[in-house]
Each structure stands twice: as C-alpha cells, then as structure tokens.
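Numbering (this note's numbering), first residue to last: 6 to 272.
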C-alpha cells in the first residue's frame, strides 16, 4: 500500500524505533482532502554495546535499503555498524501497549578512533592481530579475521603518533606520541584478563601515575627524553634495543632487555 510505509528513528539512547506511517485523508470543504501522516510505534531495536569498556553507543546516523532487513548505523564513537534485527517487523503497532523490544546482530564495518590514526603495526607472530593508535590517546589491539577489539590502553591525554610491536614475540608494544613521550605496554600474565584466543589483554608495565594523570588508568612505562614529536620507533631484531626517532633530529636508543628501558645514547 503506497499510503503505508515504515519510518526509522534513532538517538542517543542507542535504540532504533520502527514506526508505521499512515497517510490519513482529512476531509475539507468543497469535497477536498488534506493528507496528514499518522505515526504508530511498531517496536524498539536495542543496539548492543560493542565494547566491554562502556555503554551502548549513541546513534548519530541511520540508513537502510528499501525492503532490506539490514540497517547501517553511524555512532558517536565514529563507528559504522551493520545491524540485523533478530525479530521481523511486527505486522501491527502496539496500540497503547508497551512496544516490543528486539535485539540485533551486529557486524562492525568500520571501527572509529575519534581522531587521526597515525600508528599501525602487525603482530610479528600472529598474522590476524594488529595494533592501532590515534591522536585521541587510545591504543587498540584488533583481530582482523573476526573484526573484534581484543585489547585497549589509554595514554591519558597524550596523542599517539606511531607504534611498534617487539620483534619476534610481540609481547611489548611501544607507542610514540606527539608530545615526545614513548609508552611501553605489555601483555598481561593473568589469564583471567586475557584476550580471546591465545592472546592476553594489554596492561601497563608500570602503574606509577604521571602528575595530573587519571589514577584509575595509569600510563605505561613512559620515556620522556625527547622534547618534540616521535615520528618512528622500532625494536631491533634481537629484541635488545628500542630505537626512537623524533622531530628534534635525534635517534634515541634504549635497552629493551628489561622493562626499565635505560637510555643507551642518542645519535
């Protein structure tokens, strides 16, 4: 019926509402009619949280192909999701009753970073795993096969510029920042805090907070010799040295055999 169609709406509560829209003819004088839209709520589709670190996302944009059961959704975290409701669209509106609520299957098409992504590195042993860092101060570990977030770390306001796994085993991740600092993350030895599969969740190698940092999420080991942005960093193939290049035209060398990262010199 061309006079009946479905309207989608969504918002900050992380829910999608399906509405039945009727074109109602209202008689006027001289045997004329005026068309008005009448909305009736069909159901509410609940968008699940896509990360264990926070609530379900707020929806900023939504679209669908006419007749399709899939919805493309843009969120406040710069993610693009593909949703498929687990229940079909109801034939009739609730009409005064509480509208039914439905869950949805979620496929992450694009995972946002909320700022420029400047750091990317593949795990040296596990081909499906990679790390990404962005200027919003976040560090992520991903599974490219399942498109899932496996680990997360925070730089407490520092803007990440590059990252590198430790050669051979990937058990350390060095992250350079635009402020000139280098943070070192490492895998947790606690299997209860582990990643899915054989990997484990990132944790900070040390927990002493920097002045003014959020004590609930303290930074990793922090190297602060350079006064300018870090442009690149790499571990040596033998895992013994970390080389850090900065915008002050120096390459800083650090002893990576322990988690102290003692400075060896600069060139």
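Just so it is clear, CB atoms sit at the ideal spot from N, CA and C, and this is done for glycine as well.
- Taking the CA atoms as reference points, residue 108 sits about 15 Å from residue 64.
- Contact check for residue 13 against residue 80 fails: the beta carbons are separated by 9 Å or more.
- For residue 170, the pairing in a beta bridge is given by DSSP as 178.
- Under the three-state reduction of DSSP output, residue 35 falls in the helix class.
- Counting of Cβ neighbours within 10 angstroms places residue 192 among the buried residues, the total reaching 16 or more.
- Separation of the CB atoms of residue 169 and residue 241 is rounded to 11 Å, and the pair is thereby denied contact status at 8 Å.
- Taking the CA atoms as reference points, residue 149 sits about 11 Å from residue 131.
- Only residues of its own chain outside the window of five on either side were considered, and among them 9 and 43 have a CB closer than 6 Å to the CB of residue 27, listed in chain order.
- Judged by DSSP secondary structure, residue 137 falls within the beta strand (DSSP E) whose first and last residues are 134-139.
- In the displayed model, residue 30 falls within a strand according to three-state DSSP.
- For residue 268, the enclosing beta strand (DSSP E) has its first and last residue at 268-271.
- Note on geometry: alpha-carbon atoms of residue 153 and residue 145 lie some 10 Å from one another.
- Leaving aside the five residues that flank residue 261 on each side, the residues in its chain whose CB is nearer than 8 Å to its CB run, in chain order, 171, 177, 240, 241, 244, 245, 246 and 247.
- Going by DSSP, residue 65 is part of the beta strand (DSSP E) stretching over 64-68.
- By the 16-neighbour rule on beta-carbons within 10 angstroms, residue 116 is buried.
- Around the beta carbon of residue 134, 16 or more other beta carbons sit within 10 angstroms, so the residue counts as buried.
- Within the same chain, Cβ atoms closer than 6 Å to the Cβ of residue 119 are found at 83 and 141, the five residues on either side in sequence being excluded.
- A direct Cα-Cα distance of roughly 15 Å separates residue 126 from residue 182.
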